[in-house]
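Asks: The structure's right below; bear with me while I get my questions together.
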Amino acid sequence: MMTINSPFPKGFLWGGATAANQLEGAYNVGGKGLTVADVLPGGKIRDSLREDPNFDFVMDETKYTYPNHDGIDFYNRYKEDIALFAEMGFKAYRMSIAWTRIFPKGDELEPNEEGLKFYDRVFDELSKHGIEPVVTLSHYEMPLHLITEYGGWRSREVLTFFERYLHAVYNRYKGKVKYWLTFNEINSGIVRPLFGLGFIAKNDDERYQQKFQAFHHQFLASALAVKLGHEIIPDSKVGCMIIYIPTYSYDSNPENVMHTLEVSRLFNNFCGDVHVFGEYPSYMNKYFKDHNIELQMKDGDLDLLKEGTVDFISFSYYMSRTEKKVKTSEEQVSGNVVLGSIKNPFLEASDWKWEIDPLGLRISLNELYDRYHLPLFIVENGLGAYDKVEEDGSIQDDYRIDYLRAHIKAMRDALEDGVDLIGYTSWGCIDLVSAGTGELAKRYGFIYVDKQDDGSGTLERKKKKSFDWYKKVITTNGSDL
Ligand code: BGP
Numbered sequence: 057m058m059t060i061n062s063p064f065p066k067g068f069l070w071g072g073a074t075a076a077n078q079l080e081g082a083y084n085v086g087g088k089g090l091t092v093a094d095v096l097p098g099g100k101i102r103d104s105l106r107e108d109p110n111f112d113f114v115m116d117e118t119k120y121t122y123p124n125h126d127g128i129d130f131y132n133r134y135k136e137d138i139a140l141f142a143e144m145g146f147k148a149y150r151m152s153i154a155w156t157r158i159f160p161k162g163d164e165l166e167p168n169e170e171g172l173k174f175y176d177r178v179f180d181e182l183s184k185h186g187i188e189p190v191v192t193l194s195h196y197e198m199p200l201h202l203i204t205e206y207g208g209w210r211s212r213e214v215l216t217f218f219e220r221y222l223h224a225v226y227n228r229y230k231g232k233v234k235y236w237l238t239f240n241e242i243n244s245g246i247v248r249p250l251f252g253l254g255f256i257a258k259n260d261d262e263r264y265q266q267k268f269q270a271f272h273h274q275f276l277a278s279a280l281a282v283k284l285g286h287e288i289i290p291d292s293k294v295g296c297m298i299i300y301i302p303t304y305s306y307d308s309n310p311e312n313v314m315h316t317l318e319v320s321r322l323f324n325n326f327c328g329d330v331h332v333f334g335e336y337p338s339y340m341n342k343y344f345k346d347h348n349i350e351l352q353m354k355d356g357d358l359d360l361l362k363e364g365t366v367d368f369i370s371f372s373y374y375m376s377r378t379e380k381k382v383k384t385s386e387e388q389v390s391g392n393v394v395l396g397s398i399k400n401p402f403l404e405a406s407d408w409k410w411e412i413d414p415l416g417l418r419i420s421l422n423e424l425y426d427r428y429h430l431p432l433f434i435v436e437n438g439l440g441a442y443d444k445v446e447e448d449g450s451i452q453d454d455y456r457i458d459y460l461r462a463h464i465k466a467m468r469d470a471l472e473d474g475v476d477l478i479g480y481t482s483w484g485c486i487d488l489v490s491a492g493t494g495e496l497a498k499r500y501g502f503i504y505v506d507k508q509d510d511g512s513g514t515l516e517r518k519k520k521k522s523f524d525w526y527k528k529v530i531t532t533n534g535s536d537l
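Numbering (the numbering used here), first residue to last: 57 to 537.
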């Protein structure tokens with residue numbers, strides 16, 4: 057083993073990350089209710105639903121079956137999967153609780169015991185292996201009933217139901233879970249309210265007034281999650297979770313630089329600022345005014361935001377983006393399809409046009425730490441790629457190793473810059489269903505799952521080449537990459 061001193065602190069939380077609706081399967085088992093993810097089709101079209109005016113939240117068994125209903129059957133195979141995580145040496149496992157296993161419709165008075173028991177079993181299994189759970193309270197799903205009956209997070213009533221959910225899980229798991237994350241990639245609602253906020257913005261009223269009202273309710277819910285977390289589990293640490301995408305100006309034209317600042321504030325900073333400072337940032341006043349947004353608040357709302365500021369910042373990092381105030385039509389289509397940003401000539405992109413930028417991770421860590429002075433936790437990072445099983449059964453995913461190595465080096469540099477980074481859980485440590493596209497073919501794992509998008513496959517788990525590599529990284533605490 058290498059003897060080089062590692063810049064990673066002792067106790068650094070190395071591990072992997074997943075989300076309930078992307079791997080558990082068993083979507084209607086154990087009393088579980090339907091969630092937003094259960095009515096999204098699989099296949100490449102999912103992303104295009106973001107603003108589809110014809111999309112409706114209706115369960116149609118003929119359309120919405122594989123893969124999101126079956127996931128990778130973690131519901132039944134969690135012991136085998138956790139044993140593989142333990143073999144890699146995981147110190148932490150980021151996972152989410154499906155709200156609909158605990159409150160199938162969302163507005164019941166009492167939790168579903170069978171759902172609670174499932175996560176008891178998972179947490180006990182993790183504890184057996186000495187793996188610390190890091191639990192997302194809501195990862196891109198909310199009970200479908202709360203969407204169809206109440207309009208998702210636009211309704212203030214949802215806050216009451218979420219509070220009930222918080223009491224149920226905090227009281228049940230208080231001896232088992234210390235690290236909690238509130239809403240997965242909360243700022244994704246800026247561009248994609250479907251997953252997190254529970255609606256599709258089809259007109260300007262929904263795009264501005266209703267969307268930011270929904271955000272306000274989620275901020276209150278997040279603050280409540282921190283406050284109650286500290287009350288019920290005194291040693292708990294509760295963090296927010298944002299997608300961080302460092303945003304570069306296309307050139308030194310001050311018009312483009314100012315535009316870039318505005319894009320970045322809204323996307324990268326707004327949600328984090330509310331979570332850390334417990335108040336709305338002043339730059340949002342102008343945005344609200346320009347878009348005729350008037351938030352409806354109740355007495356005590358602003359106090360709650362102040363009382364529930366987060367203990368740490370967790371974030372996902374996959375790519376950077378490049379902005380220009382006025383884009384040519386060619387630039388509009390050549391860049392990042394999800395974000396509408398333009399192509400960066402210095403960077404290569406993944407098969408899904410996500411621009412690969414390890415230095416961007418170092419930049420992100422520095423920007424976040426300079427701004428917030430709070431511990432940082434990277435809870436998602438990885439390369440979605442098509443993997444091939446060779447004739448001898450091996451999976452030679454050197455491209456994934458290269459991607460992860462470069463990003464871990466960037467973390468090392470950021471630690472040397474003085475950033476306080478407490479952990480790294482790489483995304484999709486075991487292959488799972490893609491959130492953006494609904495496919496299984498976009499794989500991230502160290503562990504291959506034999507399941508294809510047409511439903512074929514045995515679900516057998518196989519170690520990829522990256523499995524042993526990541527194991528070595530963890531054993532040497534990041535000194536041997
Ligand atoms: C994040 C989500 C995850 C995950 C990941 C990869 O946005 O929090 O749920 O899926 O991105 O994205 P995708 O699955 O679209 O490749």
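Beta carbons: idealized from backbone N, C-alpha and C, even for Gly. Here the structure is a predicted model, which is why all the values come from computation and not from measurement.
Taking the C-alpha atoms as reference points, what is the distance between Gly494 and Asn124?
Replies: 7 Å
Asks: Tell me the start and end of each unbroken alpha helix (DSSP H) in the segment 124-181 that is at least 4 residues and wholly inside, in chain order.
Replies: Complete alpha helix (DSSP H) runs here, min 4: 130-144, 155-158.
Asks: Figure out for me which residue from Phe368, Ile486, Phe371 has the closest Cα to the Cα of Tyr504.
Replies: Comparing Cα-Cα distances from Tyr504 to each of Phe368, Ile486, Phe371, the minimum goes to Ile486.
Asks: List in chain order: all unbroken beta strand (DSSP E) runs of 3+ residues lying wholly within the segment 281-320.
Replies: 293-299, 303-305
Asks: Looking at the structure shown, is Gly416 part of a helix, part of a strand, or coil, going by DSSP?
Replies: In the structure shown, Gly416 sits in a helix (DSSP, three-state: H, G or I).
Asks: Determine the extent of the alpha helix (DSSP H) in which Leu537 is found, giving its start and end residues.
Replies: No alpha helix (DSSP H) holds Leu537; DSSP gives it neither H nor E.
Asks: Suppose you measure from the CA of Val247 to the CA of Ile298; what does that come to, to the nearest Å?
Replies: The alpha-carbon atoms of Val247 and Ile298 are separated by roughly 13 Å.
Asks: So, is His201 buried or exposed, given that buried needs 16 or more other C-beta atoms within 10 angstroms?
Replies: buried
Asks: For the pair the segment 332-339 and the segment 255-264, tell me if three or more CB-CB distances fall below 8 Å.
Replies: no
Asks: Count the other C-beta atoms from every protein chain shown that fall within 10 angstroms of the C-beta of Leu471, then say buried if there are 16 or more, exposed otherwise.
Replies: buried
Asks: Check Arg248 in the structure and name its three-state DSSP category.
Replies: Here Arg248 sits in coil by DSSP.
Asks: Among the residues of its own chain, which have a CB less than 6 Å from the CB of Gly89, if the five just before and after it don't count?
Replies: Thr156, Pro160, Lys161, Pro199
Asks: Compare the Cα-Cα distances from Thr384 to each of Asp129, Ser376, Gly396 and report the closest residue.
Replies: Gly396
Asks: Considering only their Cβ atoms, is the gap separating Glu241 from Ser370 smaller than 7 Å?
Replies: no
Asks: How is Tyr504 classed by DSSP in three states: helix, strand or coil?
Replies: In the structure shown, Tyr504 sits in a strand (DSSP, three-state: E or B).
Asks: Between which two residues does the alpha helix (DSSP H) containing Phe326 stretch?
Replies: 326-333
Asks: Reducing DSSP to helix, strand and coil, say where Lys518 ends up.
Replies: strand
Asks: Flag this pair as touching only if the segment 439-456 and the segment 521-534 have three or more C-beta atom pairs under 8 Å; answer yes or no.
Replies: Output reads yes: the segment 521-534 touches the segment 439-456.
Asks: Let me make sure I understand the geometry here. Which of Asp506, Tyr428, Leu460, Glu136 has the alpha-carbon closest to that of Glu446?
Replies: Asp506
Asks: Is any heavy atom of the ligand BGP found at a distance shorter than 6 Å from the C-beta of Glu241?
Replies: At least one heavy atom of the ligand BGP is found less than 6 Å from the C-beta of Glu241.
Asks: Pull up the distance between the alpha-carbon of Asp367 and that of Leu432, whole angstroms please.
Replies: CA-to-CA, the gap between Asp367 and Leu432 works out to about 10 Å.
Asks: How close, in whole Å, do the beta carbons of Ile158 and Tyr221 come, if the pair is a contact with beta carbons under 8 Å?
Replies: 6 Å
Asks: Write down every uninterrupted run of the beta strand (DSSP E) in the segment 448-505 whose length is 3 residues or greater and which is fully enclosed by it, in chain order.
Replies: 477-483, 503-505
Asks: For the beta strand (DSSP E) holding Ile369, just list the boundary residues, first then last.
Replies: Element bounds for Ile369: 368-372.
Asks: Say whether the segment 135-142 touches the segment 459-473, bearing in mind that this needs 3 or more beta-carbon pairs closer than 8 Å, one atom from each stretch.
Replies: no
Asks: Would you call the segment 310-319 and the segment 272-289 touching, i.e. three or more CB-CB distances under 8 Å?
Replies: no
Asks: Around the C-beta of Asp510, are 16 or more other C-beta atoms found within 10 angstroms, so that it is buried, or is it exposed?
Replies: exposed
Asks: Within the continuous alpha helix (DSSP H) that includes Arg220, where are the two ends?
Replies: Counting along the chain, the alpha helix (DSSP H) containing Arg220 begins and ends at 213-229.
Asks: What is the C-beta distance between Arg228 and Leu172, in whole angstroms, given that I count them as a contact (C-beta under 8 Å)?
Replies: 5 Å
Asks: Could you tell me the distance, in whole angstroms, from the CA atom of Val85 to the CA atom of Phe174?
Replies: 11 Å
Asks: If you draw a straight line from the alpha carbon of Val330 to that of Leu360, how long is it in whole angstroms?
Replies: The C-alpha of Val330 lies about 11 Å from the C-alpha of Leu360.
Asks: Using 10 angstroms around the beta-carbon of Asn259, count the other beta-carbons present and answer buried if the total reaches 16, otherwise exposed.
Replies: exposed
Asks: State the start and end residues of the unbroken alpha helix (DSSP H) segment that holds Leu202.
Replies: 200-206
Asks: Under 8 Å, with one C-beta from each stretch per pair, do the segment 280-298 and the segment 405-418 reach the 3-pair mark?
Replies: No, the segment 280-298 does not touch the segment 405-418.
Asks: Indicate, with yes or no, if the ligand HEM has a heavy atom lying under 6 Å from the CB of Ser397.
Replies: Absence of the ligand HEM is noted for the structure shown, with the ligand BGP being the only ligands found.
Asks: Nearer than 6 Å: is that true of the beta carbon of Gly494 relative to any heavy atom of the ligand BGP?
Replies: no
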